Amino acid sequence: METRDKIIETAKEQFMRFGVRSVTMDDIARLAGISKKTIYQEFSDKNQLVFDTFSNALQDDIIRLEHLPKIKDGVIEHLVGLTNFIRQRFGDMNPMIMNEIQRYFPQCWQLFEDFKKDYVLKEIIELLEKGKEEGYFRMEINTEIIALMRMEQMMFIFDPIKFPPSKFNAVDLQLELFEHFLHGIFTEKGREAYLKQKNQYNENHN
DNA sequence: TACCGT
DNA sequence: AACGGT
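Pasting the structure below:
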């Protein structure tokens, strides 16, 4: 594996597990089995390592989301795929990460902001429009407002004052919000199709 | 690996 | 004191 990729993979693992601040450049060098000098030949500073690591992680997320059942091939199947994505994505994520990045790594935070605006929001809007066309979501919801609300609710669980990690875990929170969001926009047909699809999925995966 | 500055 | 950076 390329040195650069090895550094990024090591950093990704450590950042996800422990957050960005408590993982030192010495830790990453030691765990990657290289010297700090090698890291600084590939990355100008920690700021850039954090940026490149999460840039890489977001690209992986996009690829994984593209492998889910496509929105165009079935909104309901896609929804069940999304719940699985949520379980994986937030399951191994230290709850402090987003706050640390927002406070101490502003360029990386901007990367997340751009990702939300350019990718997440568009995906949600596509899902809402398709779901309305298919009669799964109520026609009267305002796509733009509800898409923005959905995106922000995914972010505010990272506020440790509102949602202390000691009391809530990220996966349970995200799944609870997702279910609540869906039941707020489902038609009767949508609700039934979703529950049926979820049961089918669970039967096949037990 | 040792070292310096913050 | 610990950690980024040389």
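Mapping the first sequence onto my numbering, position 160 (from 1) lands on 774, and the numbers just tick up by one. Every residue gets a Cβ at the ideal spot worked out from N, C-alpha and C, and that includes glycine. Values in this document were obtained by computation on a predicted structure and should not be read as measured data.
| Item | Value |
| --- | --- |
| Buried or exposed by the 16-neighbour rule on C-beta atoms within 10 Å, applied to G647 | exposed |
| Per-residue DSSP class, three states only, for F777 | coil |
| DSSP state of F772 mapped onto helix, strand, coil | coil |
| Inter-stretch contact at 8 Å, needing at least 3 Cβ pairs: the stretch 677 to 689 / the stretch 629 to 637 | no |
| Closest Cα partner of I690 within the set K810, N820 and I771 | K810 |
| Between the CA atoms of N698 and E743 - distance to the nearest angstrom | 22 Å |
| Nonlocal neighbours in the same chain, by C-beta distance under 8 Å from M753, ignoring five residues either side | K746 |
| Whether T667 touches A625 by CB criterion (8 Å) | yes |
| Backbone secondary structure at F800 - three-state DSSP | strand |
| Buried versus exposed call for M615 [16 or more other C-beta atoms within 10 Å across all chains shown] | exposed |
| Cβ-based burial, H794 [other Cβ within 10 Å; buried from 16] | exposed |
| Cβ shell of F632 (< 7 Å), same chain only, five flanking positions each side left out | N708 |
| Terminal residues of the alpha helix (DSSP H) in which R701 lies | V689 to G705 |
| Close Cβ partners of Y821 (< 6 Å) along its chain, the five nearest in sequence each way excluded | Outside the shown range of the chain, which is 615 to 820, sits residue 821, and nothing can be said about it. |
| Through-space distance from L693 to Y815, alpha-carbon basis | 11 Å |
| Which listed residue (R678, I711, D641 and A643) has its alpha carbon closest to that of P774 | I711 |
| Residue closest to K660, alpha-carbon to alpha-carbon, out of P720, I676 and R678 | P720 |
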